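Colleague: Here the sequence shown stands for residues 1 to 303, where the numbers follow my numbering.
Glycine residues also receive a C-beta, built at the ideal position from the N, C-alpha and C atoms.
These numbers were taken from a predicted model, which means no experiment stands behind them.
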Amino acid sequence: MSVAVIFPGLAPSDYESVKDFVEKSPYAHRRFEYASEILGFSLRKSFREATEDQWEVFQCAFLANSLALSDWAEEKLGMKPSVCVGASFGGFGAAIYTGSLSYNETLLLTYESTLQEKQNFSGFDEEMGTHFFYRLTLNQVQDMIHNLREQGHWVEFSSYLSEDIHAVCATVEAIEIIKQEIRKQKGISLHTMKRLVHSSKLKNFKDHTLKTVYNRFSFRDLTIPFVSDVDGMILEKGEDLKNALLDGYDHPVRWPETVNTLKRLQVSKVFVVGPRNLFGPLSKEHFEVAIVSPEMTLESVAN
């Protein structure tokens, strides 16, 4: 039986929610200090002072925290996976962990591509976002999308995380209607990101950032296989991982495909490495799960 490591996607985690880990963990100190040298500014200070529209700072800080947690898990828990998964933005952490890119390269790739993505998003004529919710079936979500399109609204599937956890991209106006429909159908809204993720509207941005940012980096072949969160494919070549990261911009996440592949690979245990997120609970019905969160690492020190 095999062991996998999962680097989850961006979870709502501002500075205050991970403050103790960032300030007290020597693993976080190392990752943040090195990131600051690479980026040319104090990542910890910028993270502490960042406003919600500074995506590039939050994503670099999330990356630093995720890698610090994986460092801790290797040293303290003996984590030694034979398979790696990067869910959504977690693909950047996976690129480092599989040896395809260095920490240095991935920080620069993240920072520069995110600045471009933010600029691209500001150019849209309408305000749009991504809304996450649960307790609606896939059929219910598909019917809701169909009905909203019939009414002239732009809305599309963004993430299929489980049988009853999903996300859609839509205009801000449509998201308000979606929230009402979710309540009407006894579902529960989770949170709204004020940006598009996994959306076809990012296709032009994807093509642009490929030429101006991604092509400046050489993706090396992977030291352990990577499983895509878009189609569940097993990837071992650097160029394939590069394409998978790019596909994450304009293709929906289909997490059940990833789970099915991990099962075929006879994975029995997964380490979920990152600030608190959905992917721990999503994995528990399929695998033995070790949660590696900032809170967990600090609790182990206290004990």
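#1: Please report the Cβ distance between A73 and R276, rounded to the nearest whole angstrom; I am assuming they are in contact, meaning their Cβ atoms lie under 8 Å.
#2: Measuring only the C-alpha atoms, how far is N65 from Q151?
#3: Can you have a look at T137 and say buried or exposed, based on whether 16 or more other CB atoms are within 10 angstroms of its CB?
#4: Would you mind sorting D250 into buried or exposed? The rule is 16 or more other CB atoms within 10 Å of its CB.
#5: If you draw a straight line from the C-alpha of G78 to the C-alpha of E49, how long is it?
#6: Give a yes or no on contact between the segment 198 to 218 and the segment 95 to 113, applying the rule of three or more CB pairs nearer than 8 Å.
#7: Taking Cβ positions, are S200 and E156 nearer each other than 8 Å?
#8: Hey, would you say S158 sits closer than 8 Å to P294, going by beta carbons?
#9: Please tell me whether F217 and L241 are closer than 8 Å, where the distance is taken between their beta carbons.
#10: Among the candidates G129, V197, S162, whose CA atom is the shortest distance from the CA of V172?
#11: Entirely within the segment 192 to 255 and at least 4 residues each: give me those alpha helix (DSSP H) ranges in chain order.
#12: When you compare each of Q142, E52, A95 to K118 by their alpha carbons, which one comes out closest?
#13: Compute the Euclidean distance between the alpha carbons of K325 and S189, then round it to the nearest angstrom.
#14: Of the choices I6, R264, R183, whose alpha-carbon is the least far from that of F92?
Modeller: According to the structure data:
#1: Reading the sequence shown from its first residue, position 73 is the one you call residue 73. Reading the sequence shown from its first residue, position 276 is the one you call residue 276. Not confirmed; about 15 Å, so no contact.
#2: Within the sequence shown, residue 65 is the residue found at index 65, counting from 1. Within the sequence shown, residue 151 is the residue found at index 151, counting from 1. Near 43 Å, if we compare the C-alpha coordinates of Q151 and N65.
#3: Walking along the sequence shown from the start, residue 137 turns up at place 137. Per the 10 Å Cβ criterion, exposed.
#4: Position 250 of the sequence shown, counting from 1, holds the residue named residue 250. By the neighbour-count rule (16 or more Cβ atoms within 10 Å), D250 is buried.
#5: What you label residue 78 is simply residue 78 of the sequence shown in a count that begins at 1. What you label residue 49 is simply residue 49 of the sequence shown in a count that begins at 1. C-alpha separation (whole angstroms): 35 Å.
#6: yes
#7: Translated into the one-based positions of the sequence shown, residue 200 becomes position 200. Translated into the one-based positions of the sequence shown, residue 156 becomes position 156. Their beta carbons are under 8 Å apart, which means S200 touches E156 by this criterion.
#8: Sequence index remark: in the sequence shown, residue 158 carries index 158 (1-based). Sequence index remark: in the sequence shown, residue 294 carries index 294 (1-based). Not in contact: S158 and P294 (Cβ atoms no closer than 8 Å).
#9: Indexing the sequence shown from 1 puts residue 217 at position 217. Indexing the sequence shown from 1 puts residue 241 at position 241. Their beta carbons are not under 8 Å apart, which means F217 does not touch L241 by this criterion.
#10: Mapped onto the sequence shown, residue 172 falls at position 172. Closest option to V172, Cα to Cα, is G129.
#11: 203 to 212, 238 to 250
#12: Translated into the one-based positions of the sequence shown, residue 118 becomes position 118. Considering only alpha carbons, the answer is E52.
#13: This structure cannot settle anything about residue 325, because the visible part of the chain is limited to 1 through 303.
#14: Here the question's residue 92 lines up with position 92 in the sequence shown. Among I6, R264, R183, the Cα nearest to that of F92 is on I6.
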